[in-house]
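S.K.: Going letter by letter, the sequence shown gives residues 66 to 350 in my numbering.
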Amino acid sequence: KGGKATQTWRSLFYAFPLEALLLAERTEAIDRGLGWISPLGTSTWEVTPTTPLPGGLVTAVLRLRNDGQEMFTTTLSHYLPSELELVTLHSPALVYDAGTRHLTWTGKVAPGGQTVLSWTMRVGAGIPAGTALTPEVMLGLPAWKFAFRRTASLRVGGADLSASRWLVPSGTPLQLGQGATLTFALRNAGPGSALPSTVKLWMTAGLTPITATLPTTQGMGLPLWEGTLGAGETRVLTVPVRPWGWTLPLRIDALIGDGTGQRWERSLVVQGVPWRQYMPVVMRQ
Numbered sequence: 066k067g068g069k070a071t072q073t074w075r076s077l078f079y080a081f082p083l084e085a086l087l088l089a090e091r092t093e094a095i096d097r098g099l100g101w102i103s104p105l106g107t108s109t110w111e112v113t114p115t116t117p118l119p120g121g122l123v124t125a126v127l128r129l130r131n132d133g134q135e136m137f138t139t140t141l142s143h144y145l146p147s148e149l150e151l152v153t154l155h156s157p158a159l160v161y162d163a164g165t166r167h168l169t170w171t172g173k174v175a176p177g178g179q180t181v182l183s184w185t186m187r188v189g190a191g192i193p194a195g196t197a198l199t200p201e202v203m204l205g206l207p208a209w210k211f212a213f214r215r216t217a218s219l220r221v222g223g224a225d226l227s228a229s230r231w232l233v234p235s236g237t238p239l240q241l242g243q244g245a246t247l248t249f250a251l252r253n254a255g256p257g258s259a260l261p262s263t264v265k266l267w268m269t270a271g272l273t274p275i276t277a278t279l280p281t282t283q284g285m286g287l288p289l290w291e292g293t294l295g296a297g298e299t300r301v302l303t304v305p306v307r308p309w310g311w312t313l314p315l316r317i318d319a320l321i322g323d324g325t326g327q328r329w330e331r332s333l334v335v336q337g338v339p340w341r342q343y344m345p346v347v348m349r350q
């Protein structure tokens, strides 16, 4: 209000009417959305490894980034799940109440600055393999009387498909109108087997799949693979495509789901190369 647009201004669009949600869900959706477009919107919260073993250690890292134009007082509130035990605080300003298992912090984040808070936790030795944990932090801006949540996902002794990647270099040239085969490595780097997992494809206009059952149109949510993947196993998938556009870079996304709600996206950009024909030059005097 009363400000001028800068490179840090953002807009938020919902693909559905918020009135369709229940009141509690509507409030949560608005709070999460406002969190993303707030000055702290680019802050990150992660707990690694995402597939710890029972009794193993995990490291929580919160990076508070302020891309606003002024300094803000910021608060952190985090209740440790009962399955996790605090081991070490790596940031001296953090305050932990063992009775309530409540971790708090209050401080200022300068414009364009970053504050990193971290701590180490241990997974309970008796936690069954496959247990899902969702440690959550609440980030607040007291001056705005506003707070929003960020959640991390852990799967004890579970699969980790985050190491999956394309085996084709970004920017690979593809001849226009000719078929080409792209390869994708689906890798489980976790200690446990993956539940029935899926890999789907999304392609920009100008790139079409070559399949026996689907028409060669723009690919959106095309199923590529479904199955289980053992611990440490890698499966190489092939994607036959045909480019027909060259004015813009062409992108293909692999959308990975591990069957437990965790998802990853791996993108590859290729370049369509138009067909060229060189004709002889005839000169007459």
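Built from N, CA and C at the ideal position, the CB exists for glycine as well.
Which value, in whole angstroms, describes the spacing of the CA atoms of Val221 and Ala80?
M.R.: 34 Å
S.K.: Please list, in chain order, all residues of the same chain as Thr171 whose beta carbon is under 6 Å from its beta carbon, the five residues on each side excluded.
M.R.: Thr140
S.K.: Touching or not, the stretch 180-188 and the stretch 203-210, by the rule of three or more beta carbon pairs under 8 Å?
M.R.: The stretch 180-188 vs the stretch 203-210: no contact.
S.K.: Is the distance from the Cβ of Ile95 to the Cβ of Arg75 below 9 Å?
M.R.: Contact check for Ile95 against Arg75 fails: the beta carbons are separated by 9 Å or more.
S.K.: Excluding the 5 residues flanking Thr248 on each side, which residues of the same chain have their C-beta closer than 8 Å to its C-beta?
M.R.: Trp231, Leu232, Val233, Val301, Leu302, Thr303 and Val304
S.K.: If you draw a straight line from the alpha carbon of Ala217 to that of Ser147, how long is it in whole angstroms?
M.R.: In a straight line, the C-alpha of Ala217 is about 15 Å away from that of Ser147.
S.K.: For Ile275, tell me which candidate among Gly297, Gly286, Gly244 and Thr293 has the shortest Cα-Cα distance.
M.R.: Gly244
S.K.: Assess contact between the stretch 333-347 and the stretch 305-323, defined as three or more Cβ pairs (one per stretch) separated by less than 8 Å. Is contact present?
M.R.: Touching, yes.
S.K.: Quick one: what's got a C-beta closer than 6 Å to Val181's C-beta in the same chain, skipping five residues either side?
M.R.: Arg128
S.K.: If you reduce the DSSP assignment to three classes, tell me which class Thr282 lands in.
M.R.: Low per-residue confidence applies at Thr282: pLDDT is 45, beneath 50, and the placement is therefore not dependable enough to give any value.
S.K.: DSSP state of Glu148, grouped into three classes?
M.R.: coil
S.K.: Closest by CA to Ala156, which one among Leu145, Leu168 and Gly164?
M.R.: The sequence as given places Ser at residue 156; Ala does not occur at that position. Ranking Leu145, Leu168 and Gly164 by Cα distance to Ser156 puts Leu168 first.
S.K.: At 3 residues or longer, and completely inside the stretch 178-231: list those beta strand (DSSP E) runs for me, N to C.
M.R.: For the stretch 178-231, whole beta strand (DSSP E) runs of length 3 or above, ordered along the chain, are 179-188, 201-206 and 211-216.
S.K.: Between which residues of its own chain and Thr263 is the CB-CB distance below 6 Å, once the five residues before and five after are set aside?
M.R.: Glu291 and Gly322
S.K.: Buried or exposed for Thr273, please, with buried defined as at least 16 other CB atoms from any protein chain shown within 10 angstroms of its CB.
M.R.: By the neighbour-count rule (16 or more Cβ atoms within 10 Å), Thr273 is buried.
S.K.: Which two residues bound the contiguous alpha helix (DSSP H) that contains Glu37?
M.R.: Since the displayed the chain opens at 66 and closes at 350, residue 37 lies outside it and no answer follows.
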